[in-house]
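Chemist: This structure is in structure tokens; I'll ask about it shortly.
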Amino acid sequence: MSEKIPIKMLHDRVLVELDAEAGERRSSGGIVIPATAAMGAQRLAWARVVAVGPQARAVETGDRVLFGPEDKAEVEVHGETYVVMRERDVHAVAAERVGDQSTGLYL
Numbered sequence: 001m002s003e004k005i006p007i008k009m010l011h012d013r014v015l016v017e018l019d020a021e022a023g024e025r026r027s028s029g030g031i032v033i034p035a036t037a038a039m040g041a042q043r044l045a046w047a048r049v050v051a052v053g054p055q056a057r058a059v060e061t062g063d064r065v066l067f068g069p070e071d072k073a074e075v076e077v078h079g080e081t082y083v084v085m086r087e088r089d090v091h092a093v094a095a096e097r098v099g100d101q102s103t104g105l106y107l
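Using full-length UniProt numbering, the letters of the sequence shown map in sequence onto residues 1 to 107.
Okay, structure coming up:
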């Protein structure tokens, strides 16, 4: 069945697409560190919001969000891999609209 069917997120669920740089990283010395490498500390990941449920308050489509990898559930839709999570599992939101608030950080 190759027909595309619209998807609507429910409740406070957020559908995100991982940033390309969320995979492997490069150390300051130029060594490539794969995403599967075990690190001593938990490493958070950035993703772009693709869809949000009607009860999500602080996250909008197009925002970049920071989340913990243990809070995610991956799903494949039309050959693309996305992550589904609750809004409460988002640690930070990066968007132009939050620029009016005093955050002290800029990406």
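Backbone N, C-alpha and C fix where the C-beta goes; we use that ideal spot for every residue, glycine too. All values reported here derive from a predicted model rather than from experimental measurement.
Identify which residue in Lys4, Gln42, Leu10 has its Cα closest to the Cα of glycine 68.
Modeler: Gln42
Chemist: Look at leucine 18 and alanine 51 and say whether their C-beta atoms are less than 7 angstroms apart.
Modeler: No, the pair does not count as a contact, with Cβ atoms beyond the cut-off.
Chemist: What does the Cβ neighbour count give for valine 75, buried or exposed, with the cut at 16 atoms within 10 Å?
Modeler: The residue is exposed, with fewer than 16 neighbouring Cβ atoms inside 10 Å.
Chemist: Aspartate 12 to isoleucine 31, Cα distance in whole Å?
Modeler: Taking the straight line joining both Cα atoms gives about 39 angstroms.
Chemist: Should valine 77 go down as buried or exposed, given a rule of 16 or more other Cβ atoms within 10 Å for buried?
Modeler: Of the other Cβ atoms in all chains shown, fewer than 16 fall within 10 Å of the Cβ of valine 77; this residue is therefore exposed.
Chemist: Compute the beta-carbon to beta-carbon distance between methionine 90 and leucine 66, rounded to the nearest angstrom, for a pair I have assumed lies under 8 angstroms.
Modeler: Methionine is not the amino acid found at residue 90; the sequence shown has valine there. Their Cβ separation, rounded to whole angstroms, is 7 angstroms, which keeps valine 90 and leucine 66 in contact under 8 angstroms.
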